[in-house]
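Q: Attaching a single structure in C-alpha cells format; questions to follow.
Residue numbers (this note's numbering): 91 to 204.
Have a look at this one:
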C-alpha cells in the first residue's frame with residue numbers, strides 16, 4: 091500500500107483558500123493574448139483567448155475548489171484573493187524569457203512575489 095492509499099490519511103477536511111498557477115499553454119487561461127495586446131489575432135477556434143479549444147485543467151481544479159483564478163497578465167498592485175494564474179503559452183522552464191519576450195517560468199515565479 092502506498093501513502094496515497096493509506097487508510098489513516100483523512101483528506102475530507104482539507105480546505106484550500108488560494109491557488110497559484112505557473113506554466114505554459116497547458117495552464118494559460120488568457121495571459122498570452124492579454125500580454126500581446128491583440129498583436130496576434132485570436133484564432134476563431136480558441137477558447138476565451140486561450141491556445142486551447144476549451145477549458146484547461148486549471149479551470150477544473152479551481153472550480154472543484156470553489157476558487158476563481160484569473161489570468162493576471164502581469165498586472166501590478168492588483169490583489170487576487172483566490173490566487174492567480176501566471177502561466178503564459180510558450181513559457182520555457184529555464185531562467186530566461188521566451189524568444190519573443192514572454193515570461194518564462196522563473197519570471198512568472200519572480201513576479202508572483204511582487
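Glycine included, C-beta positions come from ideal geometry on N, C-alpha and C.
Contact defined as beta carbons within less than 8 Å: I believe residue 117 pairs with residue 111. What is the distance between those atoms, to the nearest angstrom?
A: 5 Å between Cβ atoms; contact.
Q: Can you give me the C-alpha to C-alpha distance between residue 194 and residue 156, rounded to a whole angstrom?
A: Cα to Cα, residue 194 sits roughly 28 Å from residue 156.
Q: Any idea which residues DSSP pairs residue 148 with across the strands?
A: Paired residue(s): none; residue 148 is not in a bridge.
Q: For my contact list, residue 121 and residue 163 are in at a C-beta cut-off of 8 Å; report their separation, rounded to the angstrom.
A: So it is a contact: roughly 5 Å between Cβ atoms.
Q: Might you give, ordered along the chain, the residues of its own chain that have their beta carbon closer than 8 Å to the beta carbon of residue 108, omitting 5 neighbours on each side?
A: Taken in chain order, the residues that qualify are 157, 171, 172, 173.
Q: Could you pull the start and end residues of the alpha helix (DSSP H) that residue 199 belongs to?
A: Start and end: 195 to 202.
Q: Would DSSP call residue 110 helix, strand or coil?
A: Residue state, collapsed to three classes: strand.
Q: Could you have a look at residue 184 and say whether DSSP puts it in helix, strand or coil?
A: Three-state DSSP puts residue 184 in coil, outside helix and strand.
Q: Could you have a look at residue 175 and say whether DSSP puts it in helix, strand or coil?
A: Looking at residue 175 - three-state DSSP - the assignment turns out to be strand.
Q: With burial defined as no fewer than 16 other Cβ atoms inside 10 Å of the residue's Cβ, what is the status of residue 199: buried or exposed?
A: It is exposed - the Cβ of residue 199 has fewer than 16 other Cβ atoms within 10 Å.
Q: Who are the Cβ neighbours of residue 91 in its own chain at under 6 Å, not counting the five residues just before and after it?
A: Any reading at residue 91 must be qualified, since the residue scores a pLDDT of 46, below 50, and its modelled position is unreliable; the value itself is stated next. Answer for residue 91: no residue qualifies.
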